[in-house]
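What follows is one structure encoded as structure tokens, with my remarks underneath.
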Amino acid sequence: MSKLTELTIEEALEGLKNKELSAKDLARAHLDAMEEHRDLNSFITETPEIALQQADEADKRIAAGEAKLLDGIPIAVKDLFCTKGVHSQSCSHILDGFKPEYESSVTQKLFDNGGVMLGKTNMDEMAMGSATTNSYYGACKNPWGKKIGVDLVPGGSSGGSAAAVSANLALGALGSDTGGSIRQPAAFCGVTGMKPTYGRCSRWGMIAFASSLDQAGTFGKTVKDNALLLQAIAGHDPKDSTSIPGDIPDFSSMIGQDIKGKKIGIPKEYNAAGMPEEISELWKEGAKMLEKEGAEIVEISLPHTKFALPTYYIIAPAEASSNLARYDGVRYGLRVEGKTLDEMYENTRAEGFGAEVKRRIMIGTYVLSAGYYDAYYKKAQKVRTLIYNDFHSAFANVDAILTPTTPSEAFKIGEKQDDPITMYLNDLFTVAASLAGLPSISLPIGLSKNKLPLGLQLITAPMQEEKLFNIAHVLESAADFKSKID
Amino acid sequence: MKIDEDTVTKIAKLARIKVADDEKAHYAKELTAILDWAEQLQELNTDDTPMMTSVAYNTLPMREDNVSDGGYTKEILSNAPQSDFDCFVVPKVVDQG
Numbered sequence: 020m021s022k023l024t025e026l027t028i029e030e031a032l033e034g035l036k037n038k039e040l041s042a043k044d045l046a047r048a049h050l051d052a053m054e055e056h057r058d059l060n061s062f063i064t065e066t067p068e069i070a071l072q073q074a075d076e077a078d079k080r081i082a083a084g085e086a087k088l089l090d091g092i093p094i095a096v097k098d099l100f101c102t103k104g105v106h107s108q109s110c111s112h113i114l115d116g117f118k119p120e121y122e123s124s125v126t127q128k129l130f131d132n133g134g135v136m137l138g139k140t141n142m143d144e145m146a147m148g149s150a151t152t153n154s155y156y157g158a159c160k161n162p163w164g165k166k167i168g169v170d171l172v173p174g175g176s177s178g179g180s181a182a183a184v185s186a187n188l189a190l191g192a193l194g195s196d197t198g199g200s201i202r203q204p205a206a207f208c209g210v211t212g213m214k215p216t217y218g219r220c221s222r223w224g225m226i227a228f229a230s231s232l233d234q235a236g237t238f239g240k241t242v243k244d245n246a247l248l249l250q251a252i253a254g255h256d257p258k259d260s261t262s263i264p265g266d267i268p269d270f271s272s273m274i275g276q277d278i279k280g281k282k283i284g285i286p287k288e289y290n291a292a293g294m295p296e297e298i299s300e301l302w303k304e305g306a307k308m309l310e311k312e313g314a315e316i317v318e319i320s321l322p323h324t325k326f327a328l329p330t331y332y333i334i335a336p337a338e339a340s341s342n343l344a345r346y347d348g349v350r351y352g353l354r355v356e357g358k359t360l361d362e363m364y365e366n367t368r369a370e371g372f373g374a375e376v377k378r379r380i381m382i383g384t385y386v387l388s389a390g391y392y393d394a395y396y397k398k399a400q401k402v403r404t405l406i407y408n409d410f411h412s413a414f415a416n417v418d419a420i421l422t423p424t425t426p427s428e429a430f431k432i433g434e435k436q437d438d439p440i441t442m443y444l445n446d447l448f449t450v451a452a453s454l455a456g457l458p459s460i461s462l463p464i465g466l467s468k469n470k471l472p473l474g475l476q477l478i479t480a481p482m483q484e485e486k487l488f489n490i491a492h493v494l495e496s497a498a499d500f501k502s503k504i505d
Numbered sequence: 002m003k004i005d006e007d008t009v010t011k012i013a014k015l016a017r018i019k020v021a022d023d024e025k026a027h028y029a030k031e032l033t034a035i036l037d038w039a040e041q042l043q044e045l046n047t048d049d050t051p052m053m054t055s056v057a058y059n060t061l062p063m064r065e066d067n068v069s070d071g072g073y074t075k076e077i078l079s080n081a082p083q084s085d086f087d088c089f090v091v092p093k094v095v096d097q098g
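First to last, the sequence lines map onto chains D and H.
In terms of my numbering, the first sequence opens at residue 20 and continues consecutively.
In terms of my numbering, the second sequence opens at residue 2 and continues consecutively.
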């Protein structure tokens, strides 16, 4: 058996079942690796006591023949999830010292299924960013940067979770995706990241950014590991009125089946001018791999694609400005005193929020304000309908859509910081699926000229995660990314 | 400029974020750039298009109007910057005049 930290979740579960390893050994191996790689700044809080206790309980259950779905599997959790008694600040100063008195539904489900929490991961403050450089706790580094001797961003906002899985500091990780915050860092870090259908996972206990878009999701080394993780965290929750009612399917049920006759759509509008050669080459290669496995490649049109990004950057800040009104220095987190109540609010929020969060609150406040609501917010909500309809029409003819995940490889820490829109362009290929609430997955396919990972994204119609994992698994096997790394 | 410094002052007040005078020009420039970029949405005719407020795959669930949970005063106050007599404490809001 290879090193404990190099296992997949699937392999680790097998090893635990066959008593070749213990949950405690697994937890210890990962806690050691975390310590060794603290320079990455991927974890902002380590929870060794919780991990070892949960591992101990897992070992007891396994010994008693009562193993749960993910029993003994060490997982990294994004700081945006409220975890009882543990640092949960969405990496913002405004939640200074906040320790939740309750557990988020997603992490509760993870623990109920035997998951072991290693710690909380770094992220862009309030999930706003595409580089994990907006964290109050400092930038997170992409483990791939070490290989080429440059400090690279891991992507964002769930950069710490992606980096942790990439550097073998956790077997899997939880993240959240509002406009690409799982898929984009997964692509930059050479791991597989999945955002399920809106409503698959409960948002209760997730620190809110944009509620009509926020969705919990997973990071893993393989497609199958993502399916296993999703199985452990998804499901209806009466505490979230937008969570999908009914039982969840077996997300792995179609993994291993062939994709003969499946139709894969290639949206021509994604081939925008200026797409780097190596990205369009990778995309063509991915399509060929699926074709070779028996899929039919079909050109499709999503006519409103170019409007997705500006639509997102109106809607998300609008919702954020409303959600973040709760940080007022009264109930939790930071308070900066002032002579009057208003002054206290203004001082607290000026000091507690970072630059990007303030910018988005200001934009959101403006587009919701009297006189501008119709021109910006209402307009964006209408365009969102058009974007949704584009996908709805496309899925009448195809099983899945294949696109690049990002318009570039991982960039250097400090780059793209000059103006906000340059950073927003990172989300070019991921926001449309978010606006339409669709399940999508990013998986590593190849390497750039600079030997950095590049990913492709698959999208399906709502509630078709089984099919998404099926096609992604075929693409994963065909790409054989692991063999491309030295 | 769509957003001038006076507008920045107004938005900052609405958002309850203190913005120093020497930060206003920078905000005006950045916010204007973002809104100019978003202007491309006006190319589309959306007169007959409905607004989309949610992608949730269910209608709002109904339940009996009963108290189902509660009694967490201690827990709720545990993270408060300042509390007293089971209440949050804020600066005085009543004019003593």
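The beta-carbon is built from N, C-alpha and C at its ideal position, and this holds for glycine as well.
These numbers were taken from a predicted model, which means no experiment stands behind them.
State the DSSP-derived secondary structure class of residue 487 (chain D), mapped to helix, strand or coil. Residue state, collapsed to three classes: helix.
The alpha helix (DSSP H) that contains residue 32 (chain D), what's its start and end? For residue 32 (chain D), the enclosing alpha helix (DSSP H) starts and ends at 28-36.
Measuring straight from C-alpha to C-alpha, what distance separates residue 89 (chain H) and residue 208 (chain D)? Residue 89 (chain H) and residue 208 (chain D): Cα-Cα distance of roughly 44 Å.
Check for me: the beta strand (DSSP E) holding residue 420 (chain D) runs from which residue to which? Counting along the chain, residue 420 (chain D) sits inside the beta strand (DSSP E) bounded by residues 419-423.
Would you verify that the beta carbon of residue 31 (chain H) is, or is not, closer than 8 Å to some beta carbon of chain D? With respect to chain D, the C-beta atom of residue 31 (chain H) has a partner C-beta closer than 8 Å.
Would you kindly check if the distance between the Cβ of residue 283 (chain D) and the Cβ of residue 19 (chain D) is under 8 Å? Since the first residue shown for chain D is 20 and the last is 505, residue 19 (chain D) is missing from the structure and cannot be characterised.
Do residue 62 (chain D) and residue 289 (chain D) have their beta-carbon atoms positioned less than 8 Å apart in this structure? No; because the gap between Cβ atoms is not below 8 Å, this pair is not in contact.
Among the residues of its own chain, which have a CB less than 8 Å from the CB of residue 54 (chain H), if the five just before and after it don't count? Around residue 54 (chain H), the same chain offers no residue with a beta carbon nearer than 8 Å, after the five sequence neighbours per side are excluded.
Which residues mark the beginning and the end of the alpha helix (DSSP H) in which residue 361 (chain D) is found? That run of the alpha helix (DSSP H) goes 360-371.
Residue 328 (chain D) in three-state terms, based on DSSP: Three-state result, residue 328 (chain D): helix.
Pick out whichever of D:454, D:302, D:443 and D:457 has its Cα sitting closest to the Cα of residue 378 (chain D). Comparing alpha carbon positions, the residue from D:454, D:302, D:443 and D:457 closest to residue 378 (chain D) is D:443.
Quick check on this structure: which residue in D:175, D:172 and D:49 has the alpha carbon closest to the alpha carbon of residue 138 (chain D)? Taking each of D:175, D:172 and D:49 in turn and checking the Cα distance to residue 138 (chain D), the smallest one comes out for D:49.
So with Cβ pairs under 8 Å, would you call residue 400 (chain D) a contact of chain H? With respect to chain H, the C-beta atom of residue 400 (chain D) has a partner C-beta closer than 8 Å.
Nearest to residue 66 (chain D) by CA position, among D:380, D:339, D:129 and D:46, is which residue? Nearest option by C-alpha distance: D:46.
Can you tell me the Cα-Cα spacing of residue 325 (chain D) and residue 131 (chain D), whole angstroms? Roughly 42 Å between the two C-alpha positions.
Using a Cβ-Cβ cut-off of less than 7 Å, give me the residues of the stretch 46-64 of chain H that come near chain D, in sequence order. Legend: CB atoms of the stretch 46-64 of chain H lying less than 7 Å from CB atoms of chain D belong to residues 47, 50, 51, 52, 53, 54, 55, 56, 57, 58, 59, 61 and 62.
May I ask you to list, following chain order, the residues of the stretch 118-146 of chain D that have a beta carbon less than 9 Å from some beta carbon of chain H? Cβ contacts with chain H come from 118, 119, 120 and 121.
Stretch-stretch touch, CB-based, cutoff 8 Å, three pairs: the stretch 477-491 of chain D with the stretch 361-379 of chain D: The stretch 477-491 of chain D vs the stretch 361-379 of chain D: no contact.
Tell me the start and end of each unbroken beta strand (DSSP E) in the stretch 200-243 of chain D that is at least 3 residues and wholly inside, in chain order. Counting only runs of 3 or more, we get 211-214 and 234-239.
Near residue 534 (chain D), which residues of its chain fall below 7 Å by C-beta distance, leaving aside the five closest residues on each side in sequence? Outside the shown range of chain D, which is 20 to 505, sits residue 534 (chain D), and nothing can be said about it.
Quick one: list the residues of chain H neighbouring residue 458 (chain D), beta-carbon separation under 7 Å, in chain order. Near residue 458 (chain D) there are no residues of chain H at all, since even the closest Cβ is about 12 Å away, more than 7 Å.
Indicate whether at least one CB of chain H lies closer than 8 Å to the CB of residue 486 (chain D). It does not: the Cβ of residue 486 (chain D) has no partner Cβ on chain H nearer than 8 Å.
With 16 as the cutoff for other CB atoms within 10 Å, does residue 423 (chain D) come out buried or exposed? Counting the other Cβ atoms within 10 Å of the Cβ of residue 423 (chain D) gives 16 or more, which makes it buried.
Among D:78, D:91 and D:119, the one whose alpha carbon lies nearest that of residue 76 (chain H): Nearest neighbour of residue 76 (chain H) by Cα position, chosen from D:78, D:91 and D:119, turns out to be D:119.
Residues of chain H with a CB under 9 Å from the CB of residue 450 (chain D): which are they? Within chain H, no residue comes near residue 450 (chain D); the closest Cβ sits about 13 Å away, beyond 9 Å.
Taking Cβ-Cβ distances shorter than 8 Å, what residues in chain H pair up with residue 440 (chain D)? From the beta-carbon of residue 440 (chain D), the residues of chain H found nearer than 8 Å are 34, 35 and 38.
Pairing CB atoms from the stretch 330-339 of chain D with CB atoms from the stretch 450-457 of chain D, are three or more of them under 8 Å? When C-beta atoms of the stretch 330-339 of chain D are compared with those of the stretch 450-457 of chain D, three or more pairs fall below 8 Å, so the two segments count as touching.
What whole-angstrom Cβ distance do residue 94 (chain D) and residue 235 (chain D) have, given they're in contact under 8 Å? 13 Å between Cβ atoms; not a contact.
Using the C-alpha atoms, what's the distance from residue 503 (chain D) back to residue 304 (chain D)? Each residue's alpha carbon lies about 14 Å from the other.
Which runs of the alpha helix (DSSP H), 4 residues or longer, sit entirely within the stretch 32-98 of chain D? Those alpha helix (DSSP H) runs which fall completely within the stretch 32-98 of chain D and span 4+ residues are 42-55 and 67-82.
Could you give the DSSP three-state label for residue 247 (chain D): helix, strand or coil? In the three-state reduction of the DSSP assignment, residue 247 (chain D) falls in the helix class.
Quickly, what does DSSP pair residue 400 (chain D) with across the bridge? List them, please. In the DSSP output, where bridge partners are listed per residue, residue 400 (chain D) has none listed.
Tell me whether the stretch 141-157 of chain D and the stretch 406-414 of chain D touch, counting them as touching only if at least three CB pairs, one residue from each stretch, are closer than 8 Å. Note that the stretch 141-157 of chain D does not touch the stretch 406-414 of chain D; fewer than 3 beta-carbon pairs, one per stretch, sit closer than 8 Å.
Spatially closest choice to residue 82 (chain D) from D:352, D:104, D:127 and D:36, by CA coordinates: Comparing C-alpha distances from residue 82 (chain D) to each of D:352, D:104, D:127 and D:36 shows the shortest one belongs to D:36.
Starting from the C-beta of residue 33 (chain H), find all residues in its chain whose C-beta is less than 7 Å away, skip the five residues before and the five after it, and write them out in chain order. Excluding residues within five positions, the ones whose Cβ falls inside 7 Å are 2, 3 and 4.
Would you give the residue range spanned by the beta strand (DSSP E) that residue 462 (chain D) belongs to? Counting along the chain, the beta strand (DSSP E) containing residue 462 (chain D) begins and ends at 459-466.
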